[in-house]
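Residue numbers (my numbering): 705 to 1167.
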Amino acid sequence: MPVPATVLDQPIQWSDPSLWPLLNDLQGNILKGHGRDHTMNHFLRFGPGDLAAAKVIVRALGARTTSALRQLQEVEDFKLFERPGGTGVFFFLTRTGFQRLGLQPPAGAAFAGGMASRQLGDPATAAWEAHLRPGIDAMLLVADDSVTKVGNAAAALTRGFAAAGIQVVGVDAGHALRSDPSVNEPKGRGIEHFGYVDGRSQPLMLSQDVAREQNESDGIDVWDPRVGPGKSVLVRDPNGKSDDSYGSFLVYRKLEQNVAGFKHRENALADALSLVGEDRERAGAMVVGRFEDGTPLILESEAKDPNPTPNNFDYASDAPGDRCPIHAHIRKINPRTPNDAEQRTHLMARRGIPFGDPDRDLEDEASFPTGGVGLLFMAYNQDIERQFEVTQRFWANDDAFPGDAQGRDAIIGQPVGGGADSKWPTGKPAPNDRVTFGFRDFVTMKGGEYFFAPSRSALIGLT
């Protein structure tokens, strides 16, 4: 009997043995991030002609992929015995990859067309990095807390590629940036290259994670992150071998960050708002929606450097955006409107990781990079059009969303040079309650693609 939809429409109790066949067939990293600090993303192209040898490789990779069940068991083992998990291995196909292997692609107009065909405000593909332009067939993701182990595992997994006609057209390496460890965050909080805590708010699809958020963090009574995997990430795999064979769409985008330009403009915004002393930190918080330490701007009056980082908040008390701008990044891509069930259907399970020098001094202004660092944005979607494309095209890129023309998302809003200058709250009464100030184009999309993470049985059973 397949797992009932009613079970998957709520956060699941993964330790329930009735779910294990589904979880063993599902690749890891979908229901919960793999949590490793180092990754290598290999972008692959299948050669022309007979793909018999390539199919042998893909079957072997399918057997090596980390299942959701194994990943979650490793998490439990680490909690109980402090035994670290193994290297994570995950495999993805594009529409052309499915076709080259003789498999049925999952349905969806966005997936069928590929990222480059979509109206996202992205730069022209000629400006993309060569290995991320259209023509990718597959991606292999290898992850571990040891950069050496990642490299060794990747070398072993790709050793037979050339002989099988599989070309590695490029590799993107990811390296986590972290704050100092704490009791609640033993590995430290994730940070992005602009210096802000990142990745705090995620849809929670496992009941164990919900309980932890409720009992060990700041609660879920204001912002409830619960979502069923059957409503957020799971897609029936048309090539799976059981009624419980699922996969998920993966959006991959390489986003380069101009840290020097961002920090310079951050200071200019503080000047435009007449902020002085420590209050100047509010300028960057207005752009991001959180202070660098993760404190939400809407909770500015509460203690700074909170541990754990708060997530139990909404913007009901600040509908006009007088405290936290409506176009602040975390507000723009998750407005947290109370009781808006439809709005929640657009949220994604984000699994990104920074790229570039992980050891650079985040405080040394003289060495702030203008490029070469950024984020490997990855997010699992059940429906790319409903989730990622709504978030990027109709939320982040739209000056007027969610209903007042305050400005587009200052972090990821596109296209380059587009959009009106944003309006920033001054804390003064009208008509002096806003300052118009341009803040844009410090993140550049360098290429990407839409992938699908097939079920393990589909890969292992490839003929």
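Note that beta-carbon positions come from the ideal geometry of N, C-alpha and C, so glycine has one too.
Hey, would you say leucine 765 sits closer than 8 Å to valine 872, going by beta carbons?
-> no
How would you call alanine 1162, buried or exposed, if buried means at least 16 neighbouring beta carbons within 10 angstroms?
-> buried
If you draw a straight line from the alpha carbon of tryptophan 832 to that of asparagine 943, how long is it in whole angstroms?
-> 32 Å
Buried/exposed call for proline 790, threshold 16 Cβ in 10 Å | Note that residue 790 is glycine in the sequence shown here, rather than proline. Exposed, because fewer than 16 other Cβ atoms sit within 10 Å of the Cβ of glycine 790.
With a threshold of 16 other CB atoms inside 10 Å of the CB of glycine 1111, please say whether the residue is buried or exposed.
-> buried
Which value, in whole angstroms, describes the spacing of the CA atoms of valine 1168 and alanine 813?
-> Here the chain has residues from 705 to 1167 only, and residue 1168 is not among them.
Please classify tryptophan 724: does DSSP put it in a helix, a strand, or coil?
-> helix
Just tell me which of Pro827, Asp941, Leu807, Leu908 has its CA closest to the CA of glycine 932.
-> Leu908
Serine 1161 in three-state terms, based on DSSP = helix
Counting Cβ pairs, one atom from each stretch, are 3 or more of them under 8 Å apart for the stretch 1125 to 1145 and the stretch 1029 to 1042?
-> yes
Who are the near neighbours of asparagine 663 in its chain, counting only those whose CB is closer than 7 Å to its CB and skipping five residues on each side?
-> Past the edges of the chain, shown from 705 to 1167, lies residue 663, and the structure says nothing about it.
If you drop the 5 nearest sequence neighbours on each side, which residues of the same chain put their C-beta closer than 7 Å to that of phenylalanine 685?
-> Outside the displayed span of the chain (705 to 1167) sits residue 685, for which this structure offers no information.
Whose C-beta lies closer than 7 Å to the C-beta of serine 1159 among residues of the same chain, with five residues either side of it excluded?
-> Asp729, Leu730, Asp941, Gly944, Ser949, Tyr950, Gly951
Hey, out of Glu982, Ala987, Phe966, whose CA is closest to alanine 976's CA?
-> Ala987
Since glycine 951 is in the alpha helix (DSSP H), which residue starts that stretch and which ends it?
-> First-last for glycine 951: 950 to 961, but that is the beta strand (DSSP E), not the alpha helix (DSSP H).
Whose C-beta lies closer than 8 Å to the C-beta of aspartate 1022 among residues of the same chain, with five residues either side of it excluded?
-> Ile1002, Cys1028
Determine the direct distance from the alpha carbon of alanine 1109 to that of tyrosine 1154, and round the result to whole angstroms.
-> 31 Å
Counting pairs of beta carbons, one from the stretch 842 to 855 and one from the stretch 706 to 720, are three or more of them closer than 8 Å?
-> no
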